[in-house]
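Engineer: Under my numbering, think of the first position of the sequence shown as 56, with each following residue one higher.
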Amino acid sequence: MQPIKKQRGENKASLLFCIMEPLSDTYGKGSVDDEKDGNKRLANAKIVRTWAGWMDASADGVPSLGTVDEIPGLYVACAFHGHGFGMAPAAGEQLAKLIVTGRTDVDLSALHYDRHKVCAKGNR
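(1) List the DSSP bridge partners of V131.
(2) Mind reading off the beta-carbon distance from G121 to L153? Whole number of angstroms is fine, and I expect it under 8 angstroms.
(3) Let me know if A145 comes out buried or exposed under the rule of 16 or more other beta-carbons within 10 Å of its beta-carbon.
(4) To the nearest angstrom, how far is it from the Cα of E125 to the Cα of A107?
(5) Specify, as a first and last residue, the run of the alpha helix (DSSP H) that I154 falls within.
(6) Relative to the C-alpha of D160, which candidate in H167, R170 and E148 has its C-alpha closest?
(7) Taking S113 and H171 to be in contact with their CB atoms under 8 angstroms, please state how far apart those CB atoms are, rounded to whole angstroms.
(8) Determine the direct distance from the alpha carbon of G137 to that of D115, and round the result to whole angstroms.
(9) Determine the direct distance from the alpha carbon of V123 to that of L129, and round the result to whole angstroms.
(10) Measure the C-alpha to C-alpha separation of T105 and D92 and round it to an integer number of angstroms.
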């Protein structure tokens, strides 16, 4: 829970909840209700709006960037764990260079998606 702002000097405040948990059949509003139940100061809080979205992630916590060997012409830039907006300029520049020239300024091999093939076979 993170305080965002006070509204015009009044004794009101806005709160931002960031609840990250695995998806389930009950995911969503129940999570906010659970937070309210666990914090007496929030018991009478009015929920103005909620939002949920996908956060792409990888098993090792590292983004995937580069080509997909099995599908010629397909390039990926994904699994930024919620940090894609900040990494987008550098990732986009390198991916564009890879697409146009076949080369990048930095070695992207550690970010290639195929590193997950080993994990999928159980050979961590």
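Each residue gets a CB set at the ideal place from its N, CA and C atoms; glycine is no exception.
The structure displayed is predicted, hence computed values, not measured ones.
Structural biologist: Answer, in terms of the structure:
(1) For the purposes of this step, residue 131 is taken as residue 76 along the sequence shown, with counting starting at 1. The partner list for V131 (beta bridge, DSSP) reads G121.
(2) For this step, residue 121 is matched to residue 66 along the sequence shown. For this step, residue 153 is matched to residue 98 along the sequence shown. Contact between G121 and L153 holds, with the beta-carbon distance rounding to 7 angstroms and staying under 8 angstroms.
(3) Here residue 145 is taken as the residue at index 90 of the sequence shown, counted from 1. Classified as exposed, A145 has fewer than 16 neighbouring CB atoms from the shown chains inside 10 Å of its CB.
(4) Mapped onto the sequence shown, residue 125 falls at position 70. Mapped onto the sequence shown, residue 107 falls at position 52. Straight-line Cα distance between these residues: approximately 32 angstroms.
(5) Taking the first residue of the sequence shown as 1, we reach residue 154 at position 99. Here the alpha helix (DSSP H) through I154 covers G139 to T156.
(6) Translated into positions along the sequence shown, residue 160 becomes position 105. Comparing Cα-Cα distances from D160 to each of H167, R170 and E148, the minimum goes to E148.
(7) By 1-based counting over the sequence shown, the position of residue 113 is 58. By 1-based counting over the sequence shown, the position of residue 171 is 116. Yes, S113 and H171 are in contact; Cβ-Cβ is about 7 angstroms, under 8 angstroms.
(8) For the purposes of this step, residue 115 is identified with residue 60 of the sequence shown, where counting begins at 1. For the purposes of this step, residue 137 is identified with residue 82 of the sequence shown, where counting begins at 1. Taking the straight line from one Cα to the other gives about 14 angstroms.
(9) Position 74 of the sequence shown, counted from the first residue, corresponds to residue 129. Position 68 of the sequence shown, counted from the first residue, corresponds to residue 123. Roughly 6 angstroms between the two C-alpha positions.
(10) For the purposes of this step, residue 105 is taken as residue 50 along the sequence shown, with counting starting at 1. For the purposes of this step, residue 92 is taken as residue 37 along the sequence shown, with counting starting at 1. Going from the Cα of T105 to the Cα of D92 covers about 17 angstroms.
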